[in-house]
Amino acid sequence: MGAKLNLDKLDLQIIHEMMETSEISYAELGKKLFVSGGTIHVRIKKLQEFGIVKGNKMDVDIKQLGYEVTAFVGIYLEKSSLYDTVAKELMKIPEIVRLNYITGNYSMFIEIICKDISQLRFVLHDELQKIKGIDRTETFISLEEGFNRNVQVAPAE
């Protein structure tokens, strides 16, 4: 879509509230923002059409589901032009939950979530290292996640 959406105060308030608690009903959100539930529905549809709102995700405590290991991996590519090819291959590995193309020492930085160290070893050794275009990697295992939050979208004043 070539057009850019101009967000007004209500759009920003809706985004702010939905980022805090996405399970709130349109009617409840409308009451909170002093507009109808129908207005909220129309605004959210517009935000979805422009790709600003991409979905509605649950905040799940993955440790409760047995995922005990989080690792971050810096990836050195043989050539930076291989980014798209390598990214497609990384996308096939379900344990990789995030990929960033970055500046600095590494070409790419990924986040991997596994149930245990043996699963992480499998991902690193049997999957990641076999991808053509990856020169080498450096792995960092997270000991604890201090916090994880969304950016705070401030409603327009």
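Be aware that the sequence shown starts at 141, since it is given in this note's numbering, and climbs by one per residue.
We treat Cβ as the ideally placed atom computed from N, Cα and C, and that holds for glycine.
3-residue-minimum beta strand (DSSP E) runs that sit fully inside the region 173 to 260, ordered along the chain
Considered as a whole, the region 173 to 260 harbours 209 to 217, 236 to 241 and 248 to 254 as its complete beta strand (DSSP E) runs of no fewer than 3 residues, in chain order.
What separation, rounded to the nearest whole angstrom, lies between the Cα atoms of residue 357 and residue 268?
This structure does not reach residue 357, given that the chain is present from 141 up to 297, and the question cannot be answered.
Cutoff 8 Å; reference residue 249; Cβ partners in own chain excluding five residues on either side
Contacts found: 212, 213, 214, 215, 239, 240 and 242.
Taking its Cβ as the centre, do 16 or more other Cβ atoms sit within 10 Å of residue 235, making it buried, or is it exposed?
Its Cβ being crowded by 16 or more others within 10 Å, residue 235 is buried.
Assuming residue 154 is part of the alpha helix (DSSP H), what are its boundary residues?
Residue 154 -> alpha helix (DSSP H) spans 149 to 160.
Do you know offhand how far residue 174's Cα is from residue 294's?
Looking at the backbone, the Cα of residue 174 and that of residue 294 are separated by about 18 Å.
Determine, using beta-carbon pairs with one atom in the region 198 to 211 and one in the region 244 to 261, whether at least three such pairs fall under 8 Å.
Touching, per the Cβ criterion.
Distance CB(residue 218)-CB(residue 274) smaller than 9 Å:
Closer than 9 Å, so yes.
If contacts are defined as beta-carbon pairs under 8 Å, then residue 290 and residue 158 qualify, I think. What distance do you get, rounded to the angstrom?
The Cβ separation is near 10 Å, so there is no contact.
First and last residue of the beta strand (DSSP E) that includes residue 278?
Per DSSP, residue 278 belongs to the beta strand (DSSP E) from 274 to 281.
Report the option in 229, 178 and 144 whose CA atom is closest to the CA atom of residue 270.
Considering only alpha carbons, the answer is 229.
DSSP three-state label for residue 170, please.
DSSP places residue 170 in helix when its eight states are reduced to three.
Give the secondary structure of residue 267 by DSSP, where H, G and I count as helix, E and B as strand, and everything else as coil.
In the structure shown, the three-state DSSP call for residue 267 is helix.
Residue 260 classed as buried or exposed, judged by whether at least 16 other C-beta atoms fall within 10 angstroms:
It is buried - the Cβ of residue 260 has at least 16 other Cβ atoms within 10 Å.
Residue 287 in three-state terms, based on DSSP:
It is coil, neither helix nor strand.
Taking 9 Å as the cut-off, decide whether the C-beta atoms of residue 184 and residue 154 are in contact.
With respect to residue 154, residue 184 sits close: the two C-beta atoms are nearer than 9 Å.
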